[in-house]
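Take a look at the structure below.
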Amino acid sequence: MRVSVACAFLASAGAAEVKSPVTKVVQLLQGLAAKVTREGEAEQAEYEKLVEYCEDNAKSLQHSLKNSAEKQEELEATVEKANSDIEQVTTKIEEHATAIKEAEEELEEATKVRNSEHKDWVTADGELAETVDALERASNILKKELNKGFLQTGSIQKVAKTIAALLEARSVDYAGKAKLQSFLQSQEDAADGMDMAQNTQASTKSVDAILDTIDDLLKKAEGQRAEAQKKETTAQFNYDMLK
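Take any residue in the sequence shown, note its place counting from 1, add 305, and you have its number in this note's numbering.
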């Protein structure tokens with residue numbers, strides 16, 4: 306304001322003396338004032354730009370902070386869920402580990418039982434096979450001799466030997482053994498107390514009876530063996546399913 310008054314004063318004074326030194330000073334001051342004004346306006350413009358820049362940056366920063374806070378909440382929620390999932394998975398792993406251990410123990414025990422069962426079956430099946438074979442041989446010898454119409458002493462002895470072995474077989478029941486023993490005894494008595502004709506006739510009658518017994522024992526032995534083989538197959542299948 307003072308500069309403007311001074312400039313006006315000098316300008317009025319300069320009107321009287323156009324080319325005086327005062328006029329030059331006034332002109333110089335006017336130029337200076339114009340320069341100052343321009344520079345002030347330029348600085349004001351720069352200041353306004355700076356203010357606008359700072360305001361924009363402040364808004365952007367606030368937006369970023371808001372987004373960061375939201376992102377932090379999301380990440381915290383994700384971490385919390387991940388921890389929960391890890392805990393659940395850990396629990397399941399422990400449960401599976403326990404189940405696997407129990408299954409292994411059960412399989413180990415089942416293996417012991419299966420091996421014992423199989424061993425017993427092999428023994429029993431072998432005995433039944435021998436029993437079936439002996440019964441078939443005894444039956445075949447007796448039938449062959451009967452077809453001839455007479456019994457030779459040698460053939461009877463073979464049959465007696467085979468039947469004697471059957472008396473030791475566990476697969477032959479008590480009743481069957483009793484009949485076999487009775488047949489052997491009858492053959493011994495016949496051999497000791499009768500002549501050849503009487504012996505042959507008595508033996509023929511007793512052979513007919515013992516053949517029925519042998520056939521019955523043979524059917525039982527074959528049935529027992531087939532049933533045991535079926536059970537063994539089922540037991541092995543059930544064991545294999547545990548693996």
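The beta carbon of each residue, even a glycine, is placed where N, CA and C say it ideally should be.
In whole angstroms, what is the alpha-carbon distance linking Glu-537 and Trp-426?
When rounded, the distance between both Cα atoms is 7 Å.
Out of Gln-529, Ala-402, Glu-422 and Thr-383, which has the shortest C-alpha to C-alpha gap to Asn-543?
Nearest C-alpha to Asn-543: Glu-422.
Is Val-394 helix, strand or coil when you go by DSSP?
Three-state DSSP puts Val-394 in a helix.
Classify Lys-354 as helix, strand or coil using the three-state DSSP reduction.
Note: Lys-354 maps to helix in three-state DSSP.
Given that a residue counts as buried once 16 or more other Cβ atoms are within 10 Å of its Cβ, and exposed if not, what is Leu-380?
Flag for Leu-380 reads exposed.
Report the rounded CA-to-CA distance for Ala-502 versus Leu-489, giving the unit in angstroms.
Low local confidence applies: a pLDDT of 44 at Ala-502 is under 50, so the model's placement there is unreliable, with the coordinate-based value given in what follows. About 18 Å.
Assign Lys-484 to buried or exposed, taking buried as 16 or more other Cβ atoms, counted over all protein chains shown, within 10 Å of its Cβ.
With 16 or more other Cβ atoms within 10 Å, it is buried.
Looking only at its own chain, which residues have a Cβ that is under 7 Å from the Cβ of Glu-575, when we skip the five neighbours before and after it?
No answer is possible for residue 575: it lies beyond the span of the chain, which begins at 306 and ends at 548.
Does the contact criterion of 3 or more C-beta pairs under 8 Å hold for the stretch 430-441 versus the stretch 518-535?
They touch, by the three-pair rule.
Does DSSP put Val-477 in a helix, a strand or coil?
Three-state DSSP puts Val-477 in coil, outside helix and strand.
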